[in-house]
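Chain order of the listed sequences is A and B.
So the number in the working numbering is just where the residue sits in the first sequence, counting from 1, plus 1.
So the number in the working numbering is just where the residue sits in the second sequence, counting from 1, plus 1.
Each residue gets a CB set at the ideal place from its N, CA and C atoms; glycine is no exception.
Inspection log for the structure reproduced underneath, given as structure tokens.
Protein chains: 2
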Amino acid sequence: MDQEMKDTLFATIDTLQEELVETVSQLVQHKSVSPVFAWELETSKGGETAVNKHMQILMNELGAKSEMFAIQDDRQNLCGVYKGSGEGKSLLFNGHVDVVPPGDLSQWKGQSPFSGEVEGDYIHGRGSVDMKGGLTAALFALKGILKAGYRPKGDVVYQFAVGEECKETELGTGACLDKGYLADAAIVCEPTSSAMNPFDICIAQAGVFEMTFRVKGKSCHAGARREVIRDGGAGDAVGVDAIEKGMIVYNALKDLERRWGQTKVHPMFKPGSFNLNAATIKAGVGPSLVAPDMEVAYGIFYCPTDEAKAAQLEIEEVVHNACLNDPWLRANPPEISWTFNWPAFSTAADDPFVLAVQKSVQKVVPEGGNLNSFFAVSDACFIQEKGVPVVLLGPGECLLCHTTEEKVAIAQLTQAAKIYALAIAEWCGIEKQD
Amino acid sequence: MDQEMKDTLFATIDTLQEELVETVSQLVQHKSVSPVFAWELETSKGGETAVNKHMQILMNELGAKSEMFAIQDDRQNLCGVYKGSGEGKSLLFNGHVDVVPPGDLSQWKGQSPFSGEVEGDYIHGRGSVDMKGGLTAALFALKGILKAGYRPKGDVVYQFAVGEECKETELGTGACLDKGYLADAAIVCEPTSSAMNPFDICIAQAGVFEMTFRVKGKSCHAGARREVIRDGGAGDAVGVDAIEKGMIVYNALKDLERRWGQTKVHPMFKPGSFNLNAATIKAGVGPSLVAPDMEVAYGIFYCPTDEAKAAQLEIEEVVHNACLNDPWLRANPPEISWTFNWPAFSTAADDPFVLAVQKSVQKVVPEGGNLNSFFAVSDACFIQEKGVPVVLLGPGECLLCHTTEEKVAIAQLTQAAKIYALAIAEWCGIEKQD
Chain A
2 MDQEMKDTLF ATIDTLQEEL VETVSQLVQH KSVSPVFAWE LETSKGGETA
52 VNKHMQILMN ELGAKSEMFA IQDDRQNLCG VYKGSGEGKS LLFNGHVDVV
102 PPGDLSQWKG QSPFSGEVEG DYIHGRGSVD MKGGLTAALF ALKGILKAGY
152 RPKGDVVYQF AVGEECKETE LGTGACLDKG YLADAAIVCE PTSSAMNPFD
202 ICIAQAGVFE MTFRVKGKSC HAGARREVIR DGGAGDAVGV DAIEKGMIVY
252 NALKDLERRW GQTKVHPMFK PGSFNLNAAT IKAGVGPSLV APDMEVAYGI
302 FYCPTDEAKA AQLEIEEVVH NACLNDPWLR ANPPEISWTF NWPAFSTAAD
352 DPFVLAVQKS VQKVVPEGGN LNSFFAVSDA CFIQEKGVPV VLLGPGECLL
402 CHTTEEKVAI AQLTQAAKIY ALAIAEWCGI EKQD
Chain B
2 MDQEMKDTLF ATIDTLQEEL VETVSQLVQH KSVSPVFAWE LETSKGGETA
52 VNKHMQILMN ELGAKSEMFA IQDDRQNLCG VYKGSGEGKS LLFNGHVDVV
102 PPGDLSQWKG QSPFSGEVEG DYIHGRGSVD MKGGLTAALF ALKGILKAGY
152 RPKGDVVYQF AVGEECKETE LGTGACLDKG YLADAAIVCE PTSSAMNPFD
202 ICIAQAGVFE MTFRVKGKSC HAGARREVIR DGGAGDAVGV DAIEKGMIVY
252 NALKDLERRW GQTKVHPMFK PGSFNLNAAT IKAGVGPSLV APDMEVAYGI
302 FYCPTDEAKA AQLEIEEVVH NACLNDPWLR ANPPEISWTF NWPAFSTAAD
352 DPFVLAVQKS VQKVVPEGGN LNSFFAVSDA CFIQEKGVPV VLLGPGECLL
402 CHTTEEKVAI AQLTQAAKIY ALAIAEWCGI EKQD
């Protein structure tokens with residue numbers, strides 16, 4: 002790409018800044034809270050669709066071919082393709098239109114969470130960072146290219162999906178992919194900046210399981226505890242303390258967590274990033290009884306290089322082995338339930354697409370474009386499952402997601418639009434319009 | 002006591018068996034469930050008073066001076082004194098008239114829980130063992146003495162108290178004691194028989210605390226767990242896992258429990274009878290968060306030779322010390338709450354009263370009268386607090402208390418009446434009526 006092309010693109014996108022800001026502000030005002038949260042259902046109903054209707058108008062103005070469709074109720078995805086001239090690779094921009102609830106309203110200082118208020122250098126509100134800023138910038142990247150008198154050689158594809166916040170991929174990104182909205186590479190426009198590191202390129206995310214184990218004991222009056230635990234006691238003929246038994250399993254999984262600090266490593270993650278978070282414990286019924294049951298629920302962050310099934314089997318084996326030396330647990334093995342799996346993903350650091358994106362970032366933000374892992378989960382894994390190289394890259398500070406201080410810097414929005422435009426230029430190629 | 006006196010007493014009490022059985026059966030039919038359980042309040046309302054009205058008629062027939070009084074609502078205690086001729090020591094019989102709820106009605110095989118049905122050798126129903134059988138036998142002991150033509154030399158005192166099952170001593174036994182119904186010694190007529198050992202004499206009971214400790218952590222997203230627990234992490238600047246911290250305290254109390262197996266001994270208890278039953282655990286809010294709090298509730302059985310306050314201090318010191326090596330816990334010490342203390346009691350095995358009672362038992366049941374500790378709690382401790390030597394002794398198998406198989410053997414009821422009559426004879430002395 003020559004200097005003139007770049008200068009023209011940047012200058013054009015700069016002229017779009019006001020419109021870009023106005024669009025993000027308007028999108029924030031659509032209360033597209035995922036209905037799974039059951040937050041003010043009457044207010045938030047159809048919010049996702051409202052965002053996408055808004056975006057479809059913009060998309061159509063650009064000359065993209067768009068489609069809205071819902072798998073469930075009025076929760077419409079928007080997909081679009083801007084056909085390239087035919088000689089370039091295609092690029093998919095993915096983003097979600099749903100947001101999390103605003104949380105404690107009294108914590109929103111000055112602004113109401115859905116005001117979309119523009120104040121100084123920021124647009125405030127729920128969804129400004131996560132992730133209406135990112136998906137708007139992706140659309141304005143194409144708008145900038147076209148307005149500057151260029152056009153992409155490869156197809157530029159958009160998926161503005163519902164149902165990401167609560168992992169309803171079958172309604173959102175997964176459904177868009179199944180409809181055939183695919184490409185040779187993809188950017189998920191989630192926020193990837195931090196105060197120190199603007200525009201990280203996230204090429205991996207940990208997988209997340211939710212797992213619960215339940216141990217059954219045998220309840221008896223606490224006055225008979227002597228029989229249960231003491232020398233000469235009748236043992237399980239009288240009672241079994243589920244808490245003592247549960248601790249055997251808890252401690253074994255704690256050991257596994259420690260071991261993972263050394264056995265589970267990935268170049269994009271700091272050592273020790275893969276953990277078994279014993280998150281909740283429920284045990285027993287009351288002080289006068291030896292506890293009849295214990296239940297521990299985990300949030301488990303596993304390594305992208307592990308197959309989900311393999312990680313599950315490793316954990317189940319640890320639980321199994323922990324019980325081998327305990328006759329009660331051997332005879333009454335813990336019940337394990339896997340209630341949730343958000344898959345991991347990992348894209349090679351030297352993938353040509355990653356290099357192209359990195360080049361694009363650094364032309365806009367020279368200190369940016371560091372390769373990293375994503376701090377949370379995202380729909381990127383579902384895109385990779387289709388064999389598409391994918392990265393996460395977008396405006397906004399990750400740490401503001403889901404907080405009552407959510408706001409996106411206007412300067413970063415414009416930078417993002419430029420970065421995405423350059424990524425289209427680098428990956429799809431662009432050429433002067435006829 | 003001469004053989005003739007004994008034979009006359011026994012023969013007389015045998016003639017009272019039918020009436021004794023009928024009385025116990027009728028008392029069981031009063032649904033005197035402690036209102037604290039809120040079990041069918043309309044049905045159980047005034048049940049305690051109904052039992053005592055019934056007993057007062059019998060008591061008055063014997064010529065005792067009786068009094069009914071309530072501290073709360075219509076929950077009337079019955080106290081009575083049969084004045085001795087003046088030359089003997091006085092003896093108090095204490096029992097409670099409240100019962101626990103019937104539990105799962107479908108488990109009551111054949112009988113409804115308040116039928117009081119007499120079937121074969123047993124009277125069935127809630128309260129038959131715990132403890133309407135015992136208190137009726139205590140009254141029939143005096144009835145037998147009088148009907149046989151004797152009279153006690155010392156006073157025979159009765160306390161039929163409300164509010165034992167939920168430790169409302171201030172409404173029941175404690176209130177009776179405060180009214181001045183005291184004596185030189187006391188028998189609490191709780192069931193003390195087991196299949197192998199009829200009519201144990203229980204001269205001690207463990208104290209029972211309910212204690213809860215609460216540990217606060219600092220919640221953060223589970224994705225930041227690395228920062229919380231791993232090498233190089235920011236630690237408590239980001240988050241603190243309340244479960245990991247709570248386990249430090251849990252394990253310290255577990256160690257203390259083990260230690261108590263050697264440090265807390267009492268001749269009436271098998272080694273290891275004093276325990277800290279970690280009965281319930283509640284921790285955390287959900288899999289995606291590092292747990293912000295953990296709460297463990299204990300039922301603690303402590304040694305009668307320990308002052309309650311000393312036992313509390315020992316436990317609090319263990320918790321305190323456990324935190325010393327953990328900067329977070331040192332700065333944020335666990336909150337400990339003591340929600341319940343049912344005091345212990347212990348009467349010397351060689352107390353003259355114990356020996357007198359033992360002699361009485363063995364004249365009726367030669368293999369009975371073993372000295373033991375009581376398997377549960379009782380109001381005996383409140384009597385001992387007044388300086389009165391006290392034992393637990395009564396008909397019925399302890400293990401049937403609070404079960405859906407509660408039933409008392411008729412033969413044991415009659416034996417109990419004989420034992421109590423002999424105890425009056427031994428302790429108060431009896432003489433021929435004028």
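ask   = With distances taken from CA atoms, which of A:Ala-196, A:Met-197, A:Lys-144 and A:Ser-91 is nearest Asp-156 of chain A?
value = On the first sequence, position 155 is the one that residue 156 of chain A refers to. Per the Cα distances, A:Ser-91.
query = Ala-435 of chain B versus chain A: which residues are under 7 Å apart at the beta carbon?
reply = Indexing the second sequence from 1 puts residue 435 of chain B at position 434. Here residue 435 of chain B turns out to be Asp, not Ala, going by the sequence shown. For Asp-435 of chain B, no chain A residue has a C-beta closer than 7 Å to its own C-beta; the minimum C-beta separation is roughly 49 Å.
ask   = Span of the beta strand (DSSP E) holding Val-37 of chain A?
value = Here residue 37 of chain A corresponds to residue number 36 of the first sequence, with the count starting at 1. Per DSSP, Val-37 of chain A belongs to no beta strand (DSSP E) and is neither H nor E.
message = So that I know if they touch, is there some Cβ in chain B lying closer than 8 Å to that of Ser-289 of chain A?
response = Walking along the first sequence from the start, residue 289 of chain A turns up at place 288. At least one chain B Cβ lies under 8 Å of Ser-289 of chain A.
request  = Determine the contact status of Pro-288 of chain A and Ala-350 of chain A, defining contact as a CB-CB distance below 8 Å.
outcome  = Here the question's residue 288 of chain A lines up with position 287 in the first sequence. Here the question's residue 350 of chain A lines up with position 349 in the first sequence. Contact: no.
query = By how many angstroms is the C-alpha of Trp-109 of chain B removed from the C-alpha of Phe-70 of chain B?
reply = For this step, residue 70 of chain B is matched to residue 69 along the second sequence. For this step, residue 109 of chain B is matched to residue 108 along the second sequence. Those two C-alpha atoms are separated by around 34 Å.
query = Which partner residues of Asp-294 of chain B appear in the DSSP bridge assignment?
reply = Taking the first residue of the second sequence as position 1, residue 294 of chain B is located at position 293. Paired residue(s): B:Lys-217.
message = Against chain A, does Phe-38 of chain B count as a neighbour if the rule is that its beta carbon must be under 8 Å from one of theirs?
response = Within the second sequence, the letter at position 37 stands for residue 38 of chain B. For Phe-38 of chain B, the answer is no, since every Cβ of chain A falls outside 8 Å of its Cβ.
request  = Just mark Ile-58 of chain A as buried or exposed, buried being the case when its beta carbon has 16 or more other beta carbons within 10 Å.
outcome  = To locate residue 58 of chain A, count along the first sequence from 1; it is residue 57. The residue in question, Ile-58 of chain A, is exposed, as its Cβ has fewer than 16 Cβ neighbours within 10 Å.
task = Check the DSSP bridge columns for Met-212 of chain B and list the partner residues they point to.
result = Taking the first residue of the second sequence as position 1, residue 212 of chain B is located at position 211. Answer is B:Tyr-299 and B:Trp-339.
key: Any chain B beta carbon closer than 8 Å to Pro-1 of chain A   = This structure cannot speak to residue 1 of chain A, because chain A is shown only from 2 to 435.
request  = Taking Val-286 of chain B as the query, report the chain A residues whose CB atoms sit under 9 Å from its CB, ordered along the chain.
outcome  = Here residue 286 of chain B corresponds to residue number 285 of the second sequence, with the count starting at 1. Contact of Val-286 of chain B with chain A by beta-carbon distance below 9 Å involves Ala-280 and Thr-281.
request  = Look up Cys-304 of chain A in the DSSP assignment and say whether it is helix, strand or coil.
outcome  = Taking the first residue of the first sequence as position 1, residue 304 of chain A is located at position 303. If DSSP states are grouped into helix, strand and coil, Cys-304 of chain A belongs with coil.
query = Taking Cβ-Cβ distances shorter than 8 Å, what residues in chain B pair up with Asp-232 of chain A?
reply = Along the first sequence, one-based indexing puts residue 232 of chain A at 231. Ordered by position in chain B, the residues that pass the 8 Å Cβ test against Asp-232 of chain A are Gly-262, Pro-272 and Gly-273.
query = Lys-154 of chain B lies in the beta strand (DSSP E); which residues open and close that run?
reply = Residue mapping note: residue 154 of chain B aligns to position 153 of the second sequence, counting from 1. From DSSP, Lys-154 of chain B is part of no beta strand (DSSP E); its letter is neither H nor E.
Arg-227 of chain A: contacting residues in chain B (beta-carbon distance under 7 Å) = Start at 1 with the first residue of the first sequence, and residue 227 of chain A comes out as number 226. Here the neighbours are Lys-271, Gly-273, Ser-274 and Asn-276.
query = What residues from the segment 368 to 397 of chain A come within 7 Å of chain B, judged by C-beta to C-beta, listed N to C?
reply = Phe-376 and Ala-377
ask   = Mind pulling the chain A residues with CB within less than 9 Å of Ala-292 of chain B?
value = Here residue 292 of chain B refers to the residue found at position 291 when the second sequence is read from its first residue. Asn-278, Ala-279, Ala-280, Thr-281 and Ile-282, listed in chain order.
query = Should Tyr-299 of chain A be flagged as near chain B, meaning a C-beta pair shorter than 8 Å?
reply = Residue numbering aside, residue 299 of chain A sits at position 298 when the first sequence is read from its first letter. Taking Cβ atoms only, chain B reaches closer than 8 Å to Tyr-299 of chain A, which makes this a yes.
request  = Compare the C-beta of Ile-244 of chain A with all C-beta atoms of chain B and state if any pair is closer than 8 Å.
outcome  = By 1-based counting over the first sequence, the position of residue 244 of chain A is 243. Chain B contact via Cβ: present.
ask   = Cβ of Glu-211 of chain A less than 8 Å from any chain B Cβ?
value = Counting from one through the first sequence, the residue named residue 211 of chain A turns up at place 210. At least one chain B Cβ lies under 8 Å of Glu-211 of chain A.
request  = Tell me whether Tyr-421 of chain A sits in a helix, a strand or coil according to DSSP, three-state version.
outcome  = For the purposes of this step, residue 421 of chain A is taken as the residue at position 420 of the first sequence. It is helical.
Residue burial classification, Val-199 of chain B (beta-carbon count within 10 angstroms, cutoff 16) = Here residue 199 of chain B is taken as the residue at index 198 of the second sequence, counted from 1. The amino acid occupying residue 199 of chain B in the given sequence is Pro; Val does not appear at that position. That one is buried.
message = With three or more beta-carbon pairs closer than 8 Å as the criterion, would you say the segment 342 to 360 of chain A touches the segment 387 to 407 of chain A?
response = yes
ask   = Three-state secondary structure (DSSP) at Val-239 of chain A?
value = Taking the first residue of the first sequence as position 1, residue 239 of chain A is located at position 238. Val-239 of chain A falls in the coil class under three-state DSSP.
query = Where does Gly-397 of chain B fall in DSSP's three states?
reply = On the second sequence, position 396 is the one that residue 397 of chain B refers to. Coil, per DSSP.
query = What residues in the segment 300 to 313 of chain B bring their beta carbon closer than 8 Å to a beta carbon of chain A?
reply = Gly-300 and Phe-302
message = Could you tell me the alpha carbon to alpha carbon distance between Glu-41 of chain B and Ser-194 of chain B, rounded to whole angstroms?
response = On the second sequence, position 40 is the one that residue 41 of chain B refers to. On the second sequence, position 193 is the one that residue 194 of chain B refers to. Whole-angstrom Cα-Cα distance: 31 Å.
ask   = Quick check: the segment 146 to 164 of chain A against the segment 336 to 345 of chain A, are there 3 or more CB pairs under 8 Å?
value = no
query = So which of B:Lys-54, B:Ala-12, B:Leu-63 and B:Cys-203 has the shortest CA-CA distance to Gln-27 of chain B?
reply = Here residue 27 of chain B is taken as the residue at index 26 of the second sequence, counted from 1. Measuring from the Cα of Gln-27 of chain B, the nearest candidate turns out to be B:Lys-54.
task = Please go through the same chain and pick out, in chain order, the residues whose beta-carbon is closer than 6 Å to the beta-carbon of Ser-361 of chain A, but skip the five residues on each side of it.
result = Taking the first residue of the first sequence as position 1, residue 361 of chain A is located at position 360. Closer than 6 Å at the Cβ level, and outside the excluded window around Ser-361 of chain A, lie Ile-420, Leu-423, Ala-424 and Glu-427.
Residues that Gly-224 of chain B contacts on chain A, provided the C-beta gap is smaller than 7 Å = The residue given as residue 224 of chain B occupies position 223 in the second sequence. The answer, in chain order, is Phe-302, Phe-376 and Ala-377.
Whole-angstrom C-beta distance between Ala-225 of chain A and Val-239 of chain A, which should lie under 8 Å = Translated into positions along the first sequence, residue 239 of chain A becomes position 238. Translated into positions along the first sequence, residue 225 of chain A becomes position 224. The pair is a contact, with the Cβ atoms about 5 Å apart (cut-off 8 Å).
inquiry  = Tell me which residue opens and which closes the beta strand (DSSP E) that Thr-69 of chain A is part of.
reply    = Within the first sequence, numbered from 1, the residue matching residue 69 of chain A stands at position 68. First, the amino acid is wrong: residue 69 of chain A is Met here, not Thr. In this chain, the beta strand (DSSP E) harbouring Met-69 of chain A covers 66 to 71.
ask   = For Val-365 of chain A, does the count of other Cβ atoms within 10 angstroms reach 16, so buried, or fall short, so exposed?
value = For the purposes of this step, residue 365 of chain A is identified with residue 364 of the first sequence, where counting begins at 1. The residue in question, Val-365 of chain A, is buried, as its Cβ has 16 or more Cβ neighbours within 10 Å.
key: Element boundaries [alpha helix (DSSP H), containing Asn-322 of chain B]   = Here residue 322 of chain B is taken as the residue at index 321 of the second sequence, counted from 1. Its alpha helix (DSSP H) spans residues 309 to 324.
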